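Structure, as structure tokens:
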Ligand code: HEM
Ligand SMILES: [Cu+2]
């Protein structure tokens, strides 16, 4: 259609001169990306330290339970009994021994902050914003102003969520899944039925709704940019797998966040306008709570998990893309089965929309439906396995360079497999009757979603830091951080699997440890808490590494990792318009041309002239 | 050590728009140094025309999911609890439906006028179409008021709750649509409606037609499962 004259002259575009337009309310995708990345970093530390607080609580609850056991064996007014009673009182007075409501509040905030503000921001909004346009050869996202809108709405959403700490009644306590009726009835939260309370839950819903809207806008931007702004020669099948992953993630976001938005808005009406979408009739708390009949909490669960399962892929798929990219780069080998990787990502994305019922096996659904969901869940295992085998295939026989980004990427693969094996147990509807709502589930999703995705973020940070900030990160520090964190999370979450096997339920602030094998369980809690403190503290190493390298790291060359994609063909850090003078190079090669027989060096960058690849070399894919 | 040569010669001028709107999988031109800076954040990135349509279709896919989620909730919730009271839809909805469909027809007719270069016809038809759109919104307001007066408030019964939620969600979309129509009308008054091949008019017309479809589905839902 509108063919432009080919004789346009070059404009040089200067960045905005005002500080605010350049760095705060900026439309530059690189600044927006870094803002997402910083948001995730801040949120990760808030969420992680919250978990340390309630881990301290859980370990001490165990000790208190043990002391109570001993106490019950003694004569009530013996000196020993009095000493024990004193000891228990002293423990209970500690600031980190929480009331059950507080425990649930912190748990809820921990989950919400990490799932939404970390796992859903950095992998896509952070690295994706920064590198998608550069990797496909564009000057910016398709709609830079909408992009700015996305990040600032997301920040607003984070502030709204944090505000829940400071309102009467405190933060909500209905879990990151926000199930009604607990989340829907103001009386169930905060100070109880008579007093005010539940503002925290309102803020939570509001925050999620804003987040949904921001994600929808962001998703549209990502898809349009990928489809329509690729430079000449950058066919879809020449895109790095990172770009494919962001593309699929954006499609998942677009289709799933809209549904969560609906669930959130209906919940808000139930809370504040007296409707009965989710609140069942005949609820009673001292007096009748609602005057209607009907209303279905299960309906909320369906809406939530229709979003929720795709959401777990939104968190992990960008990591899969990045890890494929890194394994190839640092093994100096082409990705094993590039096309299969693309199909597997799509397969995971599509099938992921038909498995949500596996979170609801215990909701009273018909066993026939449960079997259908169970089978679909097993089907997702196929593309997941394809990806895993292709990762191994990429490594096989490679000339591996064990840099810190590579270690993090390998850690991702390991955690993904370990966590995924738990998923195969949970996906059987019969087995899940036992495991549902135990620590087994907590162990499963932390390994696979929590820390695997976080390891991908570590990898992305270590890999792209030189490009983003022009300086290298410290390698030894990175490796120490990797090994302690990797060992720590395995201890924490494998122990949780064991607790789940014993039947320890999740989301309980305390428990009658007589009932479970008492000492074993308390020991597990203590191991987890101690390791969690160690691992959380280790994250300060990362912070130190980032801050130190920002100012004192060695200057990065343009392509320190000898990688092939377009971001390594431009200066570190890149100029305002990415490619000098807005001249985007033409792409002549696939993304993973490593160790091509007969080539001058062991990698061919995508923008190198066609002759860089010897005519005799076998074709890439 | 890496080859960092970025080809600057105009001969390599990689990303010209000359191939126009190829299929989405073709090598798409897009980022070039020229462009008129439309929504570009100051880098002069030129967007091919189809980009705007891609974005609009995607936004509509998001909206589709919103209405799909509401509709399935409607059907599920109606089948539960036995507390559902059939709602008597206010008759004015029929008038509103006609207004919306008529508006769409006028807008389409206007757009064709624009394509044929008949600016006066375009303005007349477009403004009448926009007026009908505003009448739809006013009519929906009347419907809400009538229901409210009849005691069917938001919380009176779940059927009314769904009625309000569905119609308000649709009305918000219509509000955005009316805003777009007015924006094009303002462009037309400044004599710039045909800029970029009538892009703004084409986009808002497409959006506007889809809202017709959404409304018919919403209405159908509430008629079939009363
Ligand atoms: C082989 C693949 C997988 C299977 C078969 C699987 C299966 C399951 C099942 C059946 C549950 C529900 C357990 C219950 O509540 O009783 C579950 C929970 C969960 N899974 Fe997976 N999963 C797999 C992969 C993943 C991946 C890749 C992620 C994220 C990246 C993930 C994240 C989660 C989360 C977050 C939960 C818990 C949600 C909650 O209740 O709070 N899973 N998984
Ligand atoms: Cu799931």
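Residue numbers (the numbering used here), protein chains in the order written: chain F, 12 to 632; chain B, 870 to 1095.
From the three backbone atoms N, C-alpha and C, an ideal C-beta is built for every residue, glycine too.
All of these numbers come straight from a predicted model, not from anything done at the bench.
What did DSSP end up calling residue i once you bin it into helix, strand or coil?
{"i": "residue 999/B", "result": "helix"}
{"i": "residue 291/F", "result": "coil"}
{"i": "residue 242/F", "result": "coil"}
{"i": "residue 946/B", "result": "helix"}
{"i": "residue 113/F", "result": "helix"}
{"i": "residue 908/B", "result": "Confidence is the limiting factor: at residue 908/B the pLDDT is only 49, short of 50, which leaves the residue's position unreliable and the question unanswerable from this model."}
{"i": "residue 482/F", "result": "strand"}
{"i": "residue 1076/B", "result": "helix"}
{"i": "residue 605/F", "result": "strand"}
{"i": "residue 416/F", "result": "helix"}
{"i": "residue 566/F", "result": "strand"}
{"i": "residue 516/F", "result": "strand"}
{"i": "residue 1094/B", "result": "coil"}
{"i": "residue 449/F", "result": "strand"}
{"i": "residue 1032/B", "result": "helix"}
{"i": "residue 321/F", "result": "helix"}
{"i": "residue 614/F", "result": "strand"}
{"i": "residue 127/F", "result": "helix"}
{"i": "residue 191/F", "result": "coil"}
{"i": "residue 16/F", "result": "In this predicted model, residue 16/F has a pLDDT of only 37, less than 50, meaning its place in the structure is not dependable; the value taken from the coordinates is given anyway. Three-state result, residue 16/F: coil."}
{"i": "residue 900/B", "result": "Bear in mind that the predicted position of residue 900/B carries a pLDDT of just 33, short of 50, making it unreliable; the figure below should be weighed with that in mind. In the structure shown, residue 900/B sits in coil (DSSP, three-state: anything other than H, G, I, E or B)."}
{"i": "residue 694/F", "result": "This structure leaves residue 694/F out entirely; chain F is present only between 12 and 632."}
{"i": "residue 1048/B", "result": "helix"}
{"i": "residue 69/F", "result": "helix"}
{"i": "residue 966/B", "result": "helix"}
{"i": "residue 579/F", "result": "helix"}
{"i": "residue 977/B", "result": "helix"}
{"i": "residue 634/F", "result": "With chain F covering only 12 through 632, there is no way to say anything about residue 634/F."}
{"i": "residue 369/F", "result": "helix"}
{"i": "residue 302/F", "result": "coil"}
For residue i, go through chain B and note every residue whose CB falls closer than 8 Å to its CB, in chain order.
{"i": "residue 235/F", "result": "920, 923, 924, 927"}
{"i": "residue 27/F", "result": "911"}
Who are the neighbours of residue i on chain F, taking C-beta pairs under 8 Å?
{"i": "residue 1105/B", "result": "There is no way to answer for residue 1105/B, as the model of chain B reaches only from 870 to 1095."}
{"i": "residue 930/B", "result": "265, 266"}
Since residue i meets chain F, which of its residues come closer than 7 Å, beta carbon to beta carbon?
{"i": "residue 946/B", "result": "288, 307, 310"}
{"i": "residue 949/B", "result": "305, 307"}
So which residues of chain B does residue i contact, with C-beta pairs closer than 7 Å?
{"i": "residue 284/F", "result": "1023, 1024"}
{"i": "residue 272/F", "result": "935"}
{"i": "residue 24/F", "result": "911, 912, 913"}
Residues of chain D with CB closer than 8 Å to the CB of residue i, please, in chain order.
{"i": "residue 1091/B", "result": "No chain D appears in this structure, whose protein chains are F and B."}
At 9 Å on the CB atoms, spell out the chain F contacts of residue i, in chain order.
{"i": "residue 939/B", "result": "273, 277"}
{"i": "residue 997/B", "result": "Per Cβ cutoff of 9 Å: no residues; residue 997/B is ~29 Å from chain F at best."}
How about residue i: is its Cβ closer than 7 Å to a heavy atom in ligand 4?
{"i": "residue 353/F", "result": "As far as ligands go, the structure on display features ligand 1 and ligand 2 and does not contain ligand 4."}
So with CB distances below 9 Å, who are the chain B contacts of residue i?
{"i": "residue 464/F", "result": "Those within 9 Å of residue 464/F in chain B number zero; the least Cβ separation is about 24 Å."}
Tell me which residues of the region 489-503 of chain F have at least one Cβ-Cβ distance to chain B shorter than 9 Å, keeping chain order. So nothing in the stretch comes that close.
Residues of the region 580-606 of chain F with Cβ closer than 9 Å to any Cβ of chain B, in chain order | Of all residues in the region 580-606 of chain F, the ones placed with a Cβ closer than 9 Å to any Cβ belonging to chain B are 580, 581, 582, 587, 588, 589, 590, 591, 592, 593, 594, 595, 596, 597, 598, in chain order.
**Study point:** Residues of the region 147-175 of chain F whose Cβ lies closer than 7 Å to any Cβ of chain B, in chain order
**Key:** Among the residues of the region 147-175 of chain F, those with a Cβ less than 7 Å away from any Cβ of chain B are 148, 149, 150, 151, 153, 154, 155, 156, in the order of the chain.
Please identify, using Cβ separations under 8 Å, the residues of the region 1070-1084 of chain B that lie next to chain F, in order along the chain. For the region 1070-1084 of chain B, which is checked against every Cβ of chain F, not one residue is closer than 8 Å.
Self-check item: Neighbourhood of ligand 1 [Cβ distance below 6 Å to any heavy atom], ordered by chain position
Solution: Cβ-based neighbours of ligand 1 within the cut-off: 188/F, 323/F, 326/F, 327/F, 369/F, 370/F, 388/F, 391/F, 392/F, 395/F, 431/F, 434/F, 435/F, 437/F, 438/F, 443/F, 446/F, 447/F, 452/F, 455/F, 456/F, 459/F, 460/F.
Is the region 456-464 of chain F in contact with the region 497-512 of chain F, if contact means three or more CB pairs nearer than 8 Å?
Enough Cβ pairs lie closer than 8 Å, so yes.
Self-check item: Proximal residues, the region 1011-1028 of chain B versus chain F, C-beta separation under 7 Å
Solution: For the region 1011-1028 of chain B, the set of residues with a beta-carbon nearer than 7 Å to any beta-carbon of chain F comprises 1023, 1024, 1027, in chain order.
Exercise. For the region 535-543 of chain F and the region 475-494 of chain F, state whether three or more C-beta atom pairs, one from each stretch, are separated by less than 8 Å.
Key: Here the region 535-543 of chain F does not lie against the region 475-494 of chain F, with fewer than 3 beta-carbon pairs under 8 Å apart.
**Study point:** Members of the region 209-238 of chain F near chain B, C-beta cut-off 9 Å
**Key:** Identification of residues in the region 209-238 of chain F having a C-beta nearer than 9 Å to some C-beta of chain B yields 227, 228, 230, 231, 232, 234, 235, 236, 238, given in sequence order.
Quick check: the region 127-136 of chain F against the region 83-100 of chain F, are at least 3 beta-carbon pairs closer than 8 Å? Contact fails: fewer than three Cβ-Cβ distances are below 8 Å.
key: Residues of the region 309-342 of chain F whose Cβ lies closer than 8 Å to any Cβ of chain B, in chain order   = Residues 310, 313, 314, 317.
Within the chosen definition, does the region 267-283 of chain F reach the region 308-320 of chain F through at least 3 CB pairs nearer than 8 Å?
-> They touch, by the three-pair rule.
- Message: Between the region 922-942 of chain B and the region 596-609 of chain F, can you find at least three pairs of beta-carbon atoms closer than 8 Å?
- Response: Output reads no: the region 922-942 of chain B does not touch the region 596-609 of chain F.
*Contact the region 513-524 of chain F vs the region 578-585 of chain F: 3+ CB pairs below 8 Å*: No, because fewer than three Cβ pairs between the region 513-524 of chain F and the region 578-585 of chain F fall closer than 8 Å, the two stretches do not touch.
- Message: Counting only Cβ-Cβ distances shorter than 7 Å, please list the residues of the region 972-993 of chain B near chain F, keeping chain order.
- Response: Listed in sequence order: no entries.
Query raised in the report: With contact counted as at least three CB pairs below 8 Å, one residue from each stretch, are the region 157-174 of chain F and the region 244-260 of chain F in contact?
Result: Taking one beta carbon from each stretch, the region 157-174 of chain F and the region 244-260 of chain F have fewer than 3 pairs nearer than 8 Å; the two do not touch.
*Should the region 337-354 of chain F be regarded as contacting the region 563-580 of chain F, the criterion being three or more beta carbon pairs within less than 8 Å?*
With the rule of 3 Cβ pairs closer than 8 Å, the region 337-354 of chain F counts as touching the region 563-580 of chain F.
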